[in-house]
Amino acid sequence: MSVPHRIGVIGLGIMGRAMAMNLHKAGFQVSVYNRTRKNTTEFADLGCRVASTPRDLAKSSDLIITMVSDMAAMDAVLEGPEGALSAFLGGNALINMSTLSPEYTAALAKKCFIAGVEFLDCPVSGSKPLARDAQLVILAGGKKETVEKFTPVLKAMGRTIIYAGQAPAGTALKLCLNLIVAQLNTALAEAAALAAAQGLDPALVFGALEESPALNCGYFALKKDNILKKDFSPAFPLKHMLKDARLMLAAAARDGLELPVTAAVEKLLAKSYNTGYADKDLSVVLRTLTEK
Ligand code: NAP
Numbered sequence: 000m001s002v003p004h005r006i007g008v009i010g011l012g013i014m015g016r017a018m019a020m021n022l023h024k025a026g027f028q029v030s031v032y033n034r035t036r037k038n039t040t041e042f043a044d045l046g047c048r049v050a051s052t053p054r055d056l057a058k059s060s061d062l063i064i065t066m067v068s069d070m071a072a073m074d075a076v077l078e079g080p081e082g083a084l085s086a087f088l089g090g091n092a093l094i095n096m097s098t099l100s101p102e103y104t105a106a107l108a109k110k111c112f113i114a115g116v117e118f119l120d121c122p123v124s125g126s127k128p129l130a131r132d133a134q135l136v137i138l139a140g141g142k143k144e145t146v147e148k149f150t151p152v153l154k155a156m157g158r159t160i161i162y163a164g165q166a167p168a169g170t171a172l173k174l175c176l177n178l179i180v181a182q183l184n185t186a187l188a189e190a191a192a193l194a195a196a197q198g199l200d201p202a203l204v205f206g207a208l209e210e211s212p213a214l215n216c217g218y219f220a221l222k223k224d225n226i227l228k229k230d231f232s233p234a235f236p237l238k239h240m241l242k243d244a245r246l247m248l249a250a251a252a253r254d255g256l257e258l259p260v261t262a263a264v265e266k267l268l269a270k271s272y273n274t275g276y277a278d279k280d281l282s283v284v285l286r287t288l289t290e291k
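In numbering that gives the first Met the number 0, the protein residues as written are 0 to 291.
Shown next, in the form of structure tokens:
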């Protein structure tokens with residue numbers, strides 16, 4: 000099976016920009032589309048084709064990779080006369096790497112199947128620095144042979160591929176992992192707030208975590224500077240974790256499952272969002288906890 004060389008990337012936000020850059024560095028012929036045109040300039044400077052619409056991108060690509068915010072953004076880039084799907088004939092392929100709902104993903108997989116388009120459901124675990132360093136963990140849903148076919152493309156963006164099953168299994172696994180991230184993020188912010196409330200330097204919390212073989216965790220290291228320096232420049236925007244928390248709760252509710260801790264985290268994220276922190280890093284919940 001040959002690997003497609005003409006790859007069109009839709010969505011050059013925090014993650015998509017880094018992922019497209021790594022595809023380019025790996026030698027693939029990368030074209031890009033982004034709603035806000037100015038974010039494409041650095042790719043044009045590298046000699047990448049910049050498409051004017053998703054349809055224009057799809058016409059000159061064997062494979063489209065989407066890395067956009069949410070379901071509304073997916074609809075905007077896939078559907079309608081200028082959407083990527085309008086240019087897709089049998090033989091093309093779509094890999095979605097955005098975090099969407101399992102239902103949306105299942106419907107998209109079906110739509111692609113009917114249109115003769117190969118589809119993979121490949122959301123990612125890992126944030127801005129891991130995307131930059133091509134160290135993402137790719138959670139793959141779809142036909143196993145399709146995952147194998149596109150492994151060289153996926154490996155240009157990630158360190159490993161975890162095969163979860165047929166779509167939307169990649170998305171289902173992603174929601175489980177993000178449940179942990181949402182809770183770890185809240186736990187760190189609460190522990191730092193509690194330390195300060197008791198007159199302790201929050202750095203002591205991180206120092207003790209690092210020394211503990213049971214509690215030392217890469218995520219804590221990733222968020223240490225955000226929490227200690229109160230620097231909430233975004234690696235993972237809070238609005239996306241709020242979306243994900245709601246997707247988790249909806250998925251659980253469909254099976255009559257309650258997730259009480261995740262429900263509490265969703266409330267804190269929503270409060271932070273409504274305070275105006277949607278675009279800040281999700282660690283900004285520390286500010287929401289401590290603002291009087
Ligand atoms: P981001 O920086 O907010 O970028 C979002 C991208 O979606 C931008 O390219 C944006 O275009 C595009 N977009 C949004 N609404 C659109 C619309 N209506 N029409 C067309 N394009 C639209 O987000 P990100 O952090 O890269 O995350 C992307 C996805 O990956 C999300 O689903 C997120 O949950 C998931 N994810 C993020 C991380 C992370 O740590 N950041 C980690 C794992 C997974 P403009 O530039 O024009 O706004």
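Idealized CB from N, CA, C, for every residue including glycine.
Checklist entry - Going by other Cβ atoms of all chains shown within 10 Å of its Cβ, with 16 needed for buried, is D132 buried or exposed? => result exposed
Next on the checklist: Check for me: the alpha helix (DSSP H) holding D280 runs from which residue to which?
Outcome noted: Run containing D280: none; DSSP gives neither H nor E here.
Checklist entry - Quick one, which of T40, D44, M18, A25 has its alpha-carbon nearest M66's? => result M18
Next on the checklist: Can you tell me which residues form a DSSP beta bridge with F118?
Outcome noted: Residue pairing from DSSP places F118 in a beta bridge opposite L93.
Item to check | First and last residue of the uninterrupted alpha helix (DSSP H) at S30 | outcome: Looking at the DSSP string, S30 is not in any alpha helix (DSSP H); the run it does join, the beta strand (DSSP E), is 28-32.
Checklist entry - For the beta strand (DSSP E) that R5 lies in, which residues bound it at each end? => result 5-9
Checklist entry - Roughly how many angstroms lie between the CA atoms of F112 and P80, to the nearest whole one? => result 20 Å
Item to check | Segments of 4+ residues assigned as alpha helix (DSSP H) that fall wholly inside the segment 226-264 | outcome: 237-253
Next on the checklist: For S124 and Q165, I'd like the C-alpha separation in whole angstroms.
Outcome noted: So the two alpha carbons sit approximately 18 Å from each other.
Next on the checklist: In the DSSP assignment, the beta strand (DSSP E) including L187 goes from what residue to what residue?
Outcome noted: For L187, there is no enclosing beta strand (DSSP E); the enclosing alpha helix (DSSP H) covers residues 168-196.
Checklist entry - Going by the beta-carbon positions, is the gap between P233 and D278 smaller than 8 Å? => result yes
Checklist entry - Which of the three DSSP states, helix, strand or coil, is assigned to G79? => result Collapsing the DSSP output to three states places G79 in coil.
Checklist entry - Once you ignore the five residues that flank L227 on each side, which residues in its own chain have a CB closer than 8 Å to its CB? => result A191, P201, A202, F205
Item to check | Own chain partners of L135 with C-beta closer than 8 Å, once the 5 adjacent residues on each side are dropped | outcome: M18, V123, S124, G125, L129, M156, G157, R158
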